Amino acid sequence: MPFDVVSFAFAKKFKWREITVKTIQLTQVILDDMEVGEDISKYQLVTLKEGKLFVASIDDPERMPVVGIALEDGSVGDTISILDEGSITNPAWTFATGVTLYAGLNGEITSTPPSTVGHFVQIVGKSLGGNRIYFDPDKTYWRIG
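The sequence shown begins at 322 in the working numbering and counts up by one.
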């Protein structure tokens with residue numbers, strides 16, 4: 322399957338927080354004061370375009386790559402915090418422990434690797450079991466073609 326590898330980088334304010342999960346010490350990287358370019362819901366994957374956050378989606382090259390996960394709801398013009406890397410819990414998630422997680426459609430996280438021609442593949446983390454994941458989006462992604 323042919324594909325192109327793309328990488329990205331961006332800079333913003335960093336805020337470091339430490340949390341403890343049983344006996345494992347994890348660090349969160351939080352990016353604060355990120356301007357919202359459209360309505361975004363807490364736990365949606367986001368991308369950065371022209372300095373603003375938009376909902377990421379694997380079916381649209383303008384909505385890739387994933388740069389974070391929203392930590393709060395936001396509307397156009399608001400500023401929100403996003404998780405760049407770290408452990409996060411969402412009561413709606415039900416992933417099996419150790420499963421690789423991928424970006425999905427419309428800001429969703431999925432345990433099923435994308436397989437549709439034209440969609441993008443980006444690993445965004447690993448499941449820690451149940452409703453907890455370790456979010457660490459890979460800085461490379463590729464288009465299925």
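Think of the CB as a built atom: it goes at the ideal place given N, C-alpha and C, for glycine as much as any other residue. Predicted model, so just to flag it, every value in this text is computed and none were measured.
| Query | Result |
| --- | --- |
| Three-state secondary structure assigned by DSSP to residue 383 | helix |
| Stretch-stretch touch, CB-based, cutoff 8 Å, three pairs: the stretch 433-443 with the stretch 373-391 | yes |
| Per DSSP, the bridge partner or partners of residue 451 | 416 |
| Beta bridge counterpart(s) of residue 436 as assigned by DSSP | Answer is none; residue 436 lacks a bridge partner. |
| Exposure label - residue 425; buried when at least 16 CB within 10 Å | buried |
| Spatial distance of residue 459 from residue 362 (CA atoms) | 22 Å |
| Bounding residues of the beta strand (DSSP E) (the contiguous stretch that carries residue 405) | 400-410 |
| Backbone CA spacing between residue 449 and residue 431 [nearest angstrom] | 14 Å |
| Residue 373 - partner residues in DSSP beta bridges | 370 |
| Residue 428 (DSSP reduced to helix, strand or coil) | helix |
| Contact check, residue 406 vs residue 457, beta carbons under 9 Å | yes |
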